[in-house]
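Right, one structure below, let's go through it.
In the numbering used here, the protein residues as written are 2 to 511.
The structure is reproduced here in structure tokens:
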């Protein structure tokens, strides 16, 4: 039986929700709809990362559903992109970091996972498929097929070779490497927009289309388009209560590792990174407007769903960590998720959802059934779970070769991403490896994490009373609750298919 998308499901009113508007039931469409999926790179939601996105907020958010509790399956690029593509948690798709050895665009990934991505399944269902932008960090490596490798499922392919850049990059255009330079016309976000426009202009409506646009913004090196330079000159990094604070013993060792707080000389650099990130997003916002308006002009808008999200969040100075992701804090694990399209009313939805749900949602739109670790965000036989726990996994990395940063840590290969200009504060380590369960309900809002280090260190936070995760209650919480949290975490760490959609009949608070 084909699942026909109805309306987006709405949970009951949540304690922390701004507003929840019910979504009316929608009759099943007579034909599958078009989809435009936009995946940005490192765009946070907790540090006001959507502020530059005026067009996106007006054209998608205000016309559709805003999910305020969307959590990544992994707070790092390649593993979470793999989760979006496959609907699988990290322990099932086995892409554990951004390296080929860690499964990122590896031969194993290409053979075992690419044939079952949403692209392959939708193409088999009659969709015409298009991809432009960043795919996986190691895509295009000569070790695994180079630019000639076009992943299964894509009719029209313009995949970025390697990690995010804005100029001086190469795209695989349907298997042929095309090099781009540093002229203003080579700005990658604009190139992606132009390729998408060309695709839509050449589209005939004899079959539905799936379009995935993956711009580099706001990932490092934080290069805005020339026209957007200095647009946010007066903007500073958000001074949240956990910004550049002395870190206490209740945080895991990597965050405790000095300096803490960061020296004042680092703060202007963080401010510059913050505003440059915003400036890079302005071109993405223009891309959204361009595609939206062209679809409207072509009379395709009413038959098209827009889904907007990011591969992970980002921190800028929180807990004296300069800039990165890879941590179990809200800055890193919470991302934007906006969905608009036929039958979706303007609404704010605070139910917990995961990046793995995007796969099931795309299949639902197309009327395709296939198992996954997530669930559709469309209403099928019941509402979205009102009390749900999602899984977050991260496996830390060590330095691949002896660093030469000039930091004292250069002799320690177990740590990495230590930069002298950032006071030699290291951002990752081999045992910065953790599993978390993140629970949201109408009453409860908490996270429970265990690190795979010598201490089996626990971090847990009651987000209802500790929004900025200042006080770790992992060792002071009720023993029975800690036991149940550990049991839940162990269960989800090996889950597969429907058993990964973990809901609660009886809510108990951390």
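Heads up, the beta-carbon is just placed ideally off N, CA and C, and yes, glycines get one too.
Exercise for review: Spatial neighbours of residue 458 within its chain, please: CB distance less than 6 angstroms, with the 5 preceding and 5 following residues excluded, ordered by chain position.
Suggested key: 253 and 452
Review point. Hey, which unbroken runs of the beta strand (DSSP E) at 3 residues or more fall wholly within the segment 292 to 324?
Key: 305 to 311
Exercise for review: Write down every uninterrupted run of the beta strand (DSSP E) in the segment 410 to 436 whose length is 3 residues or greater and which is fully enclosed by it, in chain order.
Suggested key: 416 to 419 and 427 to 430
Exercise for review: Name the one or two DSSP bridge partners that residue 157 has.
Suggested key: 131
**Study point:** Enclosing beta strand (DSSP E) for residue 451 [first to last residue]
**Key:** 446 to 452
Check your understanding: Who are the Cβ neighbours of residue 371 in its own chain at under 7 angstroms, not counting the five residues just before and after it?
Key -> 122 and 364
Review point. Among all the DSSP beta bridges, which residues are the ones paired with residue 215?
Key: 134
Check your understanding: Looking at C-beta atoms only, is the number of pairs between the segment 339 to 352 and the segment 87 to 97 that lie closer than 8 angstroms three or more?
Key -> no
Point to revise | When 115, 199 and 68 are compared against residue 154, the one with the closest alpha-carbon | key: 115
Review point. Do residue 290 and residue 60 have their CB atoms nearer than 8 angstroms?
Key: yes
Review point. Is it right to say residue 298 is buried, meaning 16 or more other beta carbons lie within 10 angstroms of its own, or is it exposed?
Key: exposed
**Study point:** Sub-8 angstroms separation of residue 219 and residue 41 beta-carbons
**Key:** yes
Exercise for review: May I have a chain-ordered list of the beta strand (DSSP E) segments no shorter than 3 residues that lie completely inside the segment 30 to 87?
Suggested key: 35 to 41 and 66 to 68
Point to revise | Cβ neighbour criterion (16 or more within 10 Å) applied to residue 493 | key: buried
Exercise for review: Please determine, among 45, 502, 186 and 208, the residue with the shortest C-alpha to C-alpha distance to residue 361.
Suggested key: 502
Check your understanding: Under three-state DSSP, which class holds residue 28?
Key -> Low local confidence applies: a pLDDT of 31 at residue 28 is under 50, so the model's placement there is unreliable, with the coordinate-based value given in what follows. Three-state DSSP puts residue 28 in coil, outside helix and strand.
Review point. By how many angstroms is the C-alpha of residue 292 removed from the C-alpha of residue 63?
Key: 17 angstroms
**Study point:** Euclidean distance between Cα positions of residue 182 and residue 162
**Key:** 14 angstroms
Review point. Between the segment 266 to 276 and the segment 233 to 240, do three or more beta carbon pairs fall short of 8 angstroms?
Key: yes
Review point. How about residue 97 and residue 80: are their beta carbons less than 8 angstroms apart?
Key: yes
Practice item. Along the alpha helix (DSSP H) that carries residue 484, what are the first and last residues, could you check? Key: 480 to 493
Exercise for review: Give the single residue among 129, 74 and 424 whose Cα lies nearest to the Cα of residue 264.
Suggested key: 424
Practice item. For residue 303, collect the residues of the same chain with a Cβ closer than 8 angstroms to its Cβ; drop the 5 residues on either side in sequence, then sort them by chain order. Key: 343
Check your understanding: In the DSSP assignment, what are the bridge partners of residue 525?
Key -> No answer is possible for residue 525: the residues shown for the chain start at 2 and end at 511.
Exercise for review: Could you check if residue 222 is buried or exposed, using at least 16 other CB atoms within 10 Å of its CB as the buried criterion?
Suggested key: exposed
Review point. Where does the unbroken alpha helix (DSSP H) through residue 1 begin, and where does it stop?
Key: Not covered by the structure: residue 1. The range shown for the chain is 2 to 511.
Exercise for review: May I ask you to list the residues that DSSP assigns as paired with residue 340?
Suggested key: 66 and 308
Point to revise | Supposed contact pair residue 335 and residue 368 - C-beta distance, whole angstroms, cut 8 angstroms | key: Actually they are not in contact, since the Cβ atoms of residue 368 and residue 335 sit about 31 angstroms apart, beyond 8 angstroms.
Review point. If you draw a straight line from the alpha carbon of residue 27 to that of residue 83, how long is it in whole angstroms?
Key: Note that residue 27 has pLDDT 31, beneath the 50 cutoff, so the model's placement of it is unreliable and the number below is only indicative. Their Cα atoms are separated by approximately 31 angstroms.
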